[in-house]
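Number of protein chains: 2
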Amino acid sequence: MPALSKRDMIVSVALKLFYRNGFNATGFERIIKEAGVSKKTLYNHFRSKDELVLATLRKRDELFRNNIMRETERLSSAPRERLLAIFDAHHQWFQEKEFSGCMFINASAEFSSHDDPCHMISAEHKRLVRDYICGQAEQAGVKDPDTLAKQLNLLLEGAIVDAHVSGNKDSALMAKAMADVFVEKALSQRIA
Amino acid sequence: MPALSKRDMIVSVALKLFYRNGFNATGFERIIKEAGVSKKTLYNHFRSKDELVLATLRKRDELFRNNIMRETERLSSAPRERLLAIFDAHHQWFQEKEFSGCMFINASAEFSSHDDPCHMISAEHKRLVRDYICGQAEQAGVKDPDTLAKQLNLLLEGAIVDAHVSGNKDSALMAKAMADVFVEKALSQRIA
DNA sequence: CCGAAGATATACCGATCGGTTTACTTTGTC
DNA sequence: GACAAAGTAAACCGATCGGTATATCTTCGG
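So the protein lines, in turn, are chains Z and A.
Just so you know, we're using our numbering here: the first sequence kicks off at -14 and counts up by one.
Just so you know, we're using our numbering here: the second sequence kicks off at -14 and counts up by one.
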């Protein structure tokens, strides 16, 4: 029994290459070479490139959200701090050498039609992240957790873009400071 | 004398196709066909695809910033309102049928290396937009125009991503409401 | 020990990629 | 009217694209 199944190996390599070099720019020859797998095997597990891309994005969603949640909860204890710790978790992410922006924003750039399955799964990922923030906002006891979640989410998106496009590695810290204003506002509404 | 020179025609068509379908996904055959131009002519004006992409991005930067500035100034008069009118101008943009996110965020997704000329011109574009905001902030007389410009810029980036990836057409309005908080704060600092 | 499952490498497919070349036609200028 | 510049269509280049087929080898359960 291998540490990673053939399928997982393929997805793992595809994840790295798609994230680093883009989807259209990454060919199958490169993937099977780095995964140490034959073309037949790849097509045995995935009917087409689209299917591989989708499987890759699903895996990325799983890994990313698990990571953000774990780090967020490791960095904080109280619900209020947790809302801000999400920004610290992003800050850590931006410092990674392999950081190339948000894979789902990148996917939406290459598959721009809203009907495209890759675009749809990207929108779904963003919804799930926002839902997580909303859950934290609820735990913090704010009056309108949905609005706060949308606000913090928008700040996160802005920070990601600023970090990737402009190379501003501290964007998450600025976003965090901005987020604090809205967290404070939302919490004061609860008291009122 | 044609309304558009051959070169302008090529750039115009490339702009549309690159924006709509992405850079790597758009081939030369398609561009010359829609531009009604021979391949020789294209290579007469541009040495390579990279050069065409760069020329396209430069044109986009020019058109986009002119448009945002014009609309912003059309929608507002006083400096303070102008800072917020930038969000209204973006809101208009998001409602366009052909809206496919920010072309420079999209370019950074496909050309992820920070050394890549396409990525560098994208970073430059973002810097120029931020500079415009900073200029407006100065005119409004805020104490620290640079900080406010960075904050408003981050909100704009977030709104663009939210509009494109998640299809939230009202993201600019939410961002505007958030921006108002920081504009107010910056202006009160001036008075203090 | 044998046979099916699943892996492998490799050749192949038509299409398209970015890019070049050739030969012909239009166009504007002196 | 001649001539150079710039345009055209189309063939062509090697490489790579996503995807298929073939033939061989490994693995492993009955």
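For each residue, glycine too, the CB sits at the ideal point set by N, CA and C.
What you are looking at is a predicted structure, and each value in this text was computed from that prediction instead of being measured.
- Around the beta carbon of Z:S107, a 10 Å sphere encloses 16 or more other beta carbons of the protein chains shown; the residue is thus reported as buried.
- Closest option to A:L60, judged by alpha-carbon separation, among A:D73, A:S85 and A:R50: A:D73.
- Within chain A, not a single residue places a beta-carbon under 7 angstroms from that of Z:Q80; the smallest gap is close to 14 angstroms.
- Interface annotation for the stretch 132 to 145 of chain Z against chain A: T132, K135, Q136, N138, L139, L140, L141, E142, G143, A144 and I145, criterion Cβ-Cβ distance under 9 angstroms.
- In this structure the stretch 74 to 94 of chain Z lies against the stretch 91 to 108 of chain A, because at least three pairs of beta carbons, one per stretch, are closer than 8 angstroms.
- A residue is called buried once 16 or more other Cβ atoms fall within 10 Å of its Cβ, and A:N138 is buried on that count.
- For Z:H149, the neighbours in chain A by C-beta distance under 7 angstroms run, in chain order, S93.
- When C-beta distances to chain Z are compared with 9 angstroms, every residue of the stretch 21 to 51 of chain A stays at or above that value.
- The Cβ neighbour count for Z:D147, taken over all protein chains shown within 10 Å, is at least 16; the residue is labelled buried.
- Under the 8 angstroms criterion on CB atoms, Z:F89 is classed as interfacial with respect to chain A.
- One finds H99 and A108 in chain A with Cβ atoms closer than 8 angstroms to the Cβ of Z:G152, taken in chain order.
- For A:V166, at least one C-beta of chain Z is nearer than 8 angstroms to its own C-beta.
- Secondary structure of A:K1 (DSSP, three-state): helix.
- DSSP places Z:N51 within a helical segment (H, G or I) once states are collapsed to three.
- With respect to chain Z, the C-beta atom of A:R15 has no partner C-beta closer than 8 angstroms.
- The way I'd put it, the stretch 62 to 76 of chain A doesn't touch the stretch 60 to 71 of chain Z; fewer than three beta-carbon pairs between them come closer than 8 angstroms.
- Beta-carbon to beta-carbon, Z:A157 and Z:F79 are separated by about 6 angstroms, close enough to satisfy the 8 angstroms threshold.
- DSSP, read as helix, strand or coil, puts Z:T11 in coil.
- In the assembly as shown, A:R112 is an exposed residue. Its beta-carbon has fewer than 16 other beta-carbons within 10 Å.
- Residues of chain Z whose Cβ lies closer than 8 angstroms to the Cβ of A:G86 are, in chain order, S93, A94 and S97.
- If you look at Z:F96, you'll find it isn't in any alpha helix (DSSP H); DSSP assigns it neither H nor E.
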